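Enquirer: Note that the protein sequences, when read in sequence, are chains H and B.
Position 57 of the first sequence, counted from 1, bears residue number 436 in the numbering used here, the numbering being contiguous throughout.
Position 2 of the second sequence, counted from 1, bears residue number 1489 in the numbering used here, the numbering being contiguous throughout.
We put the CB at the ideal spot given by N, CA and C, even for glycine.
Everything numeric in this text was worked out from a predicted model, so none of it was measured.
Please read through the structure below; I'll follow up with questions.
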Amino acid sequence: MTAYIVRRLLAMLPVMAIVALFVFLLLHLAPGDPAAIMAGDNATPDNIAQIRQKLGLDEPIWKQFLVWIVSLAHGNLGNSMFWGDPVTTLIAQRAEPTISLAITTIGVAIIIAVFLGVVAAANAGTGIDRFVMGFAVMGFSVPVFVVGYLLIFLFAIELKWLPVQGYTPIAEGILPWLRNLVLPSVALGLAYVALIARITRATMLDVLSEDYMRTARAKGVASAPLLLKHALKNAAVPIVTVIGIGVALLIGGVVITETVFNIPGIGRLVVDAIARRDYPIIQGVIMVFSGVYVLVNLLVDLSYTFFDPRIRY
Amino acid sequence: MTITADTPNASPGTVAQLRTFIRRNPTIIIGSALLAAMAVIAIIAPWIAGDPQFMVPVDRLQPPSAAHWFGTDPLGRDVYARAVYGARISLVVGLSVAILAIVIGLTIGLAAGYYRKLDNVLMRFMDGLMAIPGILLAIALVSLNKASVGIVVIAIAIPEIPRVVRLVRSVVLTTREQPFIEAAVGGGSRSLKIILRHIVPSTIAPLIVQATYITASAILTESALSFLGAGVPPEVPTWGNMIASSRLLLARAPWTIFFPGTCLALVVLAVNLLGDGLRDRLDPRLARRM
Chain H
380 MTAYIVRRLL AMLPVMAIVA LFVFLLLHLA PGDPAAIMAG DNATPDNIAQ
430 IRQKLGLDEP IWKQFLVWIV SLAHGNLGNS MFWGDPVTTL IAQRAEPTIS
480 LAITTIGVAI IIAVFLGVVA AANAGTGIDR FVMGFAVMGF SVPVFVVGYL
530 LIFLFAIELK WLPVQGYTPI AEGILPWLRN LVLPSVALGL AYVALIARIT
580 RATMLDVLSE DYMRTARAKG VASAPLLLKH ALKNAAVPIV TVIGIGVALL
630 IGGVVITETV FNIPGIGRLV VDAIARRDYP IIQGVIMVFS GVYVLVNLLV
680 DLSYTFFDPR IRY
Chain B
1488 MTITADTPNA SPGTVAQLRT FIRRNPTIII GSALLAAMAV IAIIAPWIAG
1538 DPQFMVPVDR LQPPSAAHWF GTDPLGRDVY ARAVYGARIS LVVGLSVAIL
1588 AIVIGLTIGL AAGYYRKLDN VLMRFMDGLM AIPGILLAIA LVSLNKASVG
1638 IVVIAIAIPE IPRVVRLVRS VVLTTREQPF IEAAVGGGSR SLKIILRHIV
1688 PSTIAPLIVQ ATYITASAIL TESALSFLGA GVPPEVPTWG NMIASSRLLL
1738 ARAPWTIFFP GTCLALVVLA VNLLGDGLRD RLDPRLARRM
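Here it is, written out as structure tokens:
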């Protein structure tokens, strides 16, 4: 197992190297002078030359790529053009709200989605099933920011149950922290719930038609343990796989959700960087988020042995 | 294509067969009807709505009324007119992204699946591209260029390509082992002819299904890019731009956000319903699983 984990971690390197290559090429193959674009519309030639020198854009392209790869290997993502601080520092400062939002969203979404999927599968073909599946299609179709504004309008502006926007650090108390995270988590998690609920229903239907399920039913296993212990555990592998793939959905959604709810996280950092053309921040956040995505999917692969002991590494 | 295959020309019982098709495929019917309605609205926009750029500053932030069905925005523009014109950008972007991603993805996928030497290299690149969050890649691409509809289409299409490549490659890998391919190779057909005549046809059905999902996701991504200020220029009436320009006025003028939001959700819902229906008909293996 340990050997396998080490091997998989090493296999991450080429993938991340290709991500780094893409991120590098983005900047250099864009039509026009990246330094001029970053300097903005009112820049003087001096400004542009300064930016070009600061980013090393006057060096030959192979040398620039080497510098970029070597500094990445040292965990250095460059410096922000606007703040001047290292991008890694800026990301670290804004990590708490984003990680909080991600954890509450994933937690709540998995519980709700698996529940909905199991209920739909257990009642396949009935009105309950159709309602859950209809809800899932809606969940895929309404954009995160529209759900966000709808939730703010209903629960914060009209009913005044929850705060409109903002973030309270967890150090100031669990309850205020949670109150600020309820609405963004629901908005961000909706599409994720839809995705997981659909795959849960589908794999549960497959498992429920297996012979061993008929045997379990025949020997009198009650329906709750039948569904949860016998069926759900056997259906877990595809569900966990989709949970991993769906993280991509969450990462994109984080950027939008943080804007809607004014949460000072990594997503907000990127959005502010767009307006300021602070390209090193955009590059750095892409590298970090891609790394998280690859790592989460490695964890998903490793979790297979837990759900299905027949799978061994 | 399957829709016409199931609606026979003028044979007896056409009406009955049509009725059966509608009953068996409600999602295809609802989805395509909604989408067709939206397309018609987008095409006839100049005749059913006023000038989306026309500003009447004194009339700003008016609630919905007989004169302004969806109210007015912070600059006194008619929200209804802008919402109607917004359908154009959404549909054009959604469709163009799907076509672009399918064409490029099909080419790369065929190459990877058929020429085994290319496979490893191409798929590693696709793995890397797939690890990059699509919306961030699009943000980076758009922010490095002058914002325009073309750039937005390219920026949204690139992250969609790896999924198409994987799909096509998997179809090619299963098809190339079939006896009829062996027969074609034995018969001396050239590779290009084998690919075009014998392999491409089996990718069409799954690609049609994939195209609908790409369209839905492209429409959502376009609106998100506009909303974040990394999309088409802000004066262009898109639903994302409309919501972005009113985002601080939610409490005062909710109509400026909820009308474009509803349009957006309806279009994406229509495409998703169509996609689910087509998948059930064209790809029974996948239909059973989802």
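How many whole angstroms separate the CB atoms of P563 (chain H) and I642 (chain H), which I take to be in contact at a CB cut-off of 8 angstroms?
Expert: 6 angstroms
Enquirer: Kindly list the residues whose CB is nearer than 6 angstroms to the CB of R577 (chain H), restricted to its own chain and excluding five residues on each side of it in sequence; keep chain order.
Expert: A515
Enquirer: So, is the C-beta of G1764 (chain B) closer than 8 angstroms to a C-beta in chain H?
Expert: Residue-level contact by beta carbon fails for G1764 (chain B) and chain H, as no gap is shorter than 8 angstroms.
Enquirer: Who are the Cβ neighbours of S459 (chain H) in its own chain at under 7 angstroms, not counting the five residues just before and after it?
Expert: V466, L469, D657, P659, I660
Enquirer: What residue range is occupied by the uninterrupted alpha helix (DSSP H) comprising Q472 (chain H)?
Expert: 466 to 472
Enquirer: Can you give the beta carbon distance from I1695 (chain B) to L1769 (chain B), rounded, assuming they're within the 8 angstroms contact cut?
Expert: 6 angstroms
Enquirer: On the DSSP bridge list, what partners appear for D1565 (chain B)?
Expert: B:T1559
Enquirer: Within 10 Å of its beta-carbon, does T1708 (chain B) have 16 or more other beta-carbons around it, so buried, or fewer, so exposed?
Expert: buried
Enquirer: With distance defined between alpha-carbon atoms, name the residue in B:I1648, B:P1561, B:V1545, B:I1626 nearest to I1638 (chain B).
Expert: Among B:I1648, B:P1561, B:V1545, B:I1626, the Cα nearest to that of I1638 (chain B) belongs to B:I1626.
Enquirer: Pull up the distance between the alpha-carbon of L681 (chain H) and that of I1530 (chain B), whole angstroms please.
Expert: 51 angstroms
Enquirer: Using a C-beta cutoff of 8 angstroms, does R1684 (chain B) count as contacting chain H?
Expert: no
Enquirer: So P1720 (chain B) packs on A1634 (chain B), CB below 8 angstroms; how close in whole Å?
Expert: 5 angstroms
Enquirer: Within 10 angstroms of its Cβ, does M1488 (chain B) collect 16 or more other Cβ (buried), or is it exposed?
Expert: At M1488 (chain B), the pLDDT of 41 sits below 50, so the modelled position is not reliable; the number obtained from the coordinates is stated separately. With fewer than 16 other Cβ atoms inside 10 Å of its own Cβ, M1488 (chain B) counts as exposed.
Enquirer: Check whether the segment 1733 to 1746 of chain B and the segment 1661 to 1675 of chain B touch, using three or more Cβ-Cβ pairs below 8 angstroms as the test.
Expert: no
Enquirer: From B:G1537, B:L1562, B:P1544, pick the residue whose C-alpha is nearest to that of W1556 (chain B); which is it?
Expert: B:G1537
Enquirer: In chain order, which beta strand (DSSP E) runs of at least 3 residues are fully inside the segment 520 to 590 of chain H?
Expert: none
Enquirer: Give me whichever residues DSSP pairs with N458 (chain H) in a beta bridge.
Expert: Answer by DSSP bridge pairing, in chain order: H:P465.
Enquirer: Could you tell me whether the segment 424 to 438 of chain H touches the segment 384 to 400 of chain H, using the rule of 3 or more Cβ pairs below 8 angstroms?
Expert: Too few Cβ pairs lie closer than 8 angstroms, so no.
Enquirer: Can you tell me whether I1490 (chain B) is helix, strand or coil according to DSSP?
Expert: Caution is warranted here: a pLDDT of 47 is assigned to I1490 (chain B), below 50, making its placement in the model unreliable, and the coordinate value is therefore given only provisionally. Helix.
Enquirer: Using the Cβ count rule (16 or more neighbours within 10 Å means buried), how would you classify T423 (chain H)?
Expert: exposed
Enquirer: What is the residue span of the alpha helix (DSSP H) that N1607 (chain B) lies within?
Expert: 1603 to 1618
Enquirer: Going along the chain, which residues of the segment 487 to 516 of chain H sit with their C-beta nearer than 7 angstroms to a C-beta in chain B?
Expert: V516
Enquirer: How about L628 (chain H) and R387 (chain H): do their beta carbons lie closer than 8 angstroms?
Expert: no
Enquirer: When Cβ atoms are compared, which residues of the segment 1707 to 1720 of chain B fall closer than 7 angstroms to chain H?
Expert: L1707, S1710, A1711, F1714, L1715, G1716, A1717
Enquirer: Where A1570 (chain B) and P1724 (chain B) are concerned, what is the direct C-alpha to C-alpha distance, given to the nearest angstrom?
Expert: In this model, A1570 (chain B) and P1724 (chain B) are separated by some 7 angstroms (Cα to Cα).
Enquirer: Find the residues of chain H that neighbour I1730 (chain B), judging by a C-beta separation of less than 9 angstroms, and give them in chain order.
Expert: P522, F524, V525, Y528
Enquirer: Starting from I661 (chain H), find everything on chain B with Cβ-Cβ shorter than 8 angstroms and list it in chain order.
Expert: Those are L1623, I1626, A1627, S1630, listed as they occur along chain B.
Enquirer: For P1785 (chain B), go through chain H and note every residue whose CB falls closer than 9 angstroms to its CB, in chain order.
Expert: Outside the shown range of chain B, which is 1488 to 1777, sits residue 1785 (chain B), and nothing can be said about it.
Enquirer: Please list the residues of the segment 652 to 680 of chain H that have a C-beta atom closer than 7 angstroms to any C-beta atom in chain B, keeping them in chain order.
Expert: I653, A654, R656, I661, V664, I665, F668, S669, Y672, V673
Enquirer: How big is the Cα-Cα spacing for S1676 (chain B) and T1594 (chain B)?
Expert: Going from the Cα of S1676 (chain B) to the Cα of T1594 (chain B) covers about 20 angstroms.
Enquirer: Strictly under 8 angstroms for the Cβ-Cβ distance: is L574 (chain H) near chain B by that measure?
Expert: no
Enquirer: Could you give the residue range of the alpha helix (DSSP H) that holds L1765 (chain B)?
Expert: 1742 to 1769
Enquirer: Exposed or buried, which one is Y528 (chain H) when buried takes at least 16 other CB atoms within 10 Å?
Expert: buried
Enquirer: Can you give the beta carbon distance from S1577 (chain B) to V1758 (chain B), rounded, assuming they're within the 8 angstroms contact cut?
Expert: Between V1758 (chain B) and S1577 (chain B) the Cβ distance is about 10 angstroms, and since that is not below 8 angstroms, they are no contact.
Enquirer: Are the beta-carbon atoms belonging to V664 (chain H) and I645 (chain H) less than 8 angstroms from one another?
Expert: yes
Enquirer: Label F1541 (chain B) either buried or exposed according to how many other C-beta atoms from any shown protein chain fall within 10 Å of its C-beta, with 16 as the threshold for buried.
Expert: Exposed, since its Cβ has fewer than 16 Cβ neighbours within 10 Å.
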